Amino acid sequence: MDPQILAFIGVSSILTILPGADTALVTRTAIGSGRRAAIAATLGINAGVLMHATASALGISAILARSVTAFSIMKFAGAAYLVWLGARAIREARTAPPAAAGNAPLAAQGARTGAAAPGALSRYFRQGLFTNLLNPKVAIFYLTFLPQFIAPGDPVLRKSLLLAGIHNVLGLVWLSAVAWFFGRLGQVMSRPVVKRRLEQATGVLLIGFGLRLAWAKR
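First residue of the sequence shown? That's 0 in numbering that gives the first Met the number 0, and the numbers climb one at a time after it.
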């Protein structure tokens with residue numbers, strides 16, 4: 000195998016498991032709404048990542064690197080969205096009835112096992128999608144990171160898409176594991192108050208990631 004690809008897999012694996020807004024969102028969704036909802040959020044996240052990677056490979060994302068205005072607009076929109084998700088998680092955890100704490104979004108659907116209805120799953124998919132699409136740092140990451148693993152003479156577009164695909168698969172595997180673990184944890188918790196505290200904690204994390212994005216520079 001191409002040694003550059005092997006190096007990319009190693010570095011990408013480390014970067015993938017570092018805690019971030021994606022992990023916080025999947026964790027919060029798994030605890031509060033079950034594994035299926037968290038998997039839907041994971042698929043949305045990876046769809047957003049793949050879109051950014053494709054735009055980067057085609058040179059479209061260069062606009063964000065060159066335009067302060069475009070970068071700032073996307074940055075503040077993404078930050079506001081993360082803060083909104085975090086605030087919503089905190090509010091839902093506080094207002095959920097004790098018997099349904101942490102499962103409020105799915106309680107009406109009999110979702111004690113996290114079996115969300117198709118409409119609810121699409122909502123979680125959109126949350127994951129917009130969390131990434133509205134984050135210009137993802138686009139800049141691909142613009143600056145992928146070229147380091149493309150040797151002179153390599154077909155740039157094809158190699159970029161290959162590397163982006165590998166990174167996407169790594170992210171899908173990792174976040175699916177997070178969804179499974181915390182979804183299972185949410186099911187076996189016997190004290191609703193613990194689930195509420197965990198949901199609130201992940202909500203605070205999402206707000207923190209949103210504020211950090213608002214202060215980010217290109």
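Just so it is clear, CB atoms sit at the ideal spot from N, CA and C, and this is done for glycine as well.
On a predicted model such as this, the values are computed, not experimentally measured, just so you know.
When Val203, Gly170 and Ala176 are compared against Ile13, the one with the closest alpha-carbon: Gly170
Residue closest to Leu7, alpha-carbon to alpha-carbon, out of Trp214, Arg183, Ala163 and Arg196: The question names Leu, yet the displayed sequence has Phe at residue 7. Per the Cα distances, Ala163.
Spatial neighbours of Thr41 in its chain, beta-carbon cut-off 7 angstroms, leaving aside the 5 residues before and after: Val25, Gly127, Leu171, Leu174, Ser175 and Ala178
Cβ-based neighbour list, Val132, same chain, cut-off 7 angstroms, excluding 5 preceding and 5 following: A quick correction: the sequence has Leu, not Val, at residue 132. Within the same chain, Leu132 has close Cβ partners Gly47 and Met50.
Cβ neighbour criterion (16 or more within 10 Å) applied to Ile30: buried
8 angstroms contact criterion, which Arg27 and Ala88 should meet: CB distance rounded: 5 angstroms
The region 146 to 153 in contact with the region 62 to 71 per 3-pair CB rule at 8 angstroms: no
Endpoints, the alpha helix (DSSP H) within which Ala29 is located: Ala20 to Ser32
Residues of its chain near Tyr80, where Cβ-Cβ distance is below 8 angstroms and the 5 sequence neighbours each way are ignored: Phe129, Thr130, Leu133 and Gly209
Rounded C-alpha distance that separates Ile16 from Thr68: 31 angstroms
Local Cβ density within 10 Å of Lys216, reported as buried at 16 or more and exposed below that: exposed
Residue burial classification, Ala103 (beta-carbon count within 10 angstroms, cutoff 16): With a pLDDT of 43 at Ala103, under the threshold of 50, the predicted position of this residue should be treated as unreliable, though the coordinate-derived value follows. When all chains shown are included, Ala103 counts as buried.
Trp214, enclosing alpha helix (DSSP H) - first and last residue: Taken as a continuous stretch (DSSP letters only), Trp214 belongs to no alpha helix (DSSP H), as it is neither H nor E.
Contacts around Val203, its chain only, beta-carbon distance under 8 angstroms, and the 5 residues preceding and following it disregarded: Gly85 and Ile89
For Leu142, the first and last residue of its enclosing alpha helix (DSSP H): Pro135 to Phe144
Coarse secondary structure for Arg87, derived from DSSP in three states: helix
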